[in-house]
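Chemist: Here the sequence shown stands for residues 770 to 855, numbered as in our numbering.
Think of the CB as a built atom: it goes at the ideal place given N, C-alpha and C, for glycine as much as any other residue.
Everything numeric in this text was worked out from a predicted model, so none of it was measured.
Have a look at the structure that comes next, please.
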Amino acid sequence: MLVAGVALIAVACASTTRFDGPGGDRRLYRARCGLCHVPFAPGDFHPDDWPDLVAEMGPRAGLGAAYRERILNYLVTESEGAWARR
Ligand code: HEC
Numbered sequence: 770m771l772v773a774g775v776a777l778i779a780v781a782c783a784s785t786t787r788f789d790g791p792g793g794d795r796r797l798y799r800a801r802c803g804l805c806h807v808p809f810a811p812g813d814f815h816p817d818d819w820p821d822l823v824a825e826m827g828p829r830a831g832l833g834a835a836y837r838e839r840i841l842n843y844l845v846t847e848s849e850g851a852w853a854r855r
C-alpha cells in the first residue's frame, strides 16, 4: 500500500514537472498547441501578432492563465529573435 502510494506521488510529480527546467516552455508550447495542427514556428508570425493568436487559441487548448502566459512569452521572445535575424 505504501509502495503504491509512493509510486502514485512519483507519477503525479513527473506529470507536473515535465514542463519545468531548460526547454520547458518549448515543450509546453509543443504539447498544448500541437494537438490539432503542427505547432507553428514562432517566427511564422510577427511578435505583435502572437497576443491575439494566443487569446484566440488559448481557450481551444484549454490553457490556464499561467500556461497561457508562459506560452505567449515563449512565442514572443522566439519570434522577436527570428524577426531580428531577417
Ligand atoms: C482544439 C484544436 C486547436 C488547438 C488546441 C490549437 N489550435 Fe491553433 N488552430 C486550430 C484551427 C482549427 C486552426 C485553423 C484556423 C481557425 O480555425 O481559426 C488553427 C490555426 C492556428 C494558427 C493560424 C492562424 C492564422 O491566422 O493563420 C495559429 C498561429 C495557431 N492556430 C496557433 C495556436 C496556438 C499558439 C495554440 C496553443 C495556445 C493552438 N493554436 C492550439 C485549432 C487548434
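1) Span of the alpha helix (DSSP H) holding Gly850?
2) Just curious, the alpha helix (DSSP H) that Val823 is in, first and last residue?
3) Where Asp813 and Ser848 are concerned, what is the direct C-alpha to C-alpha distance, given to the nearest angstrom?
4) If I follow the unbroken alpha helix (DSSP H) through Arg829, where does it start and stop?
5) Going along the chain, which residues of its own chain have a beta-carbon closer than 8 Å to the beta-carbon of Leu841, five neighbours each way excluded?
Modeler: So, from the listed chains and residues:
1) Within the sequence shown, the letter at position 81 stands for residue 850. Run containing Gly850: Ala834 to Ala853, per the alpha helix (DSSP H) assignment.
2) As a first step, residue 823 must be located in the sequence shown, where it is residue number 54. Where Val823 is concerned, the enclosing alpha helix (DSSP H) stretches over Trp819 to Met826.
3) Counting from one through the sequence shown, the residue named residue 813 turns up at place 44. Counting from one through the sequence shown, the residue named residue 848 turns up at place 79. So the two alpha carbons sit approximately 8 Å from each other.
4) The sequence position of residue 829 within the sequence shown is 60, counting from 1. Looking at the DSSP string, Arg829 is not in any alpha helix (DSSP H), and its letter there is neither H nor E.
5) Residue numbering aside, residue 841 sits at position 72 when the sequence shown is read from its first letter. In its chain, beyond the 5 residues on either side, Trp819, Pro820 and Val823 have a beta carbon closer than 8 Å to the beta carbon of Leu841.
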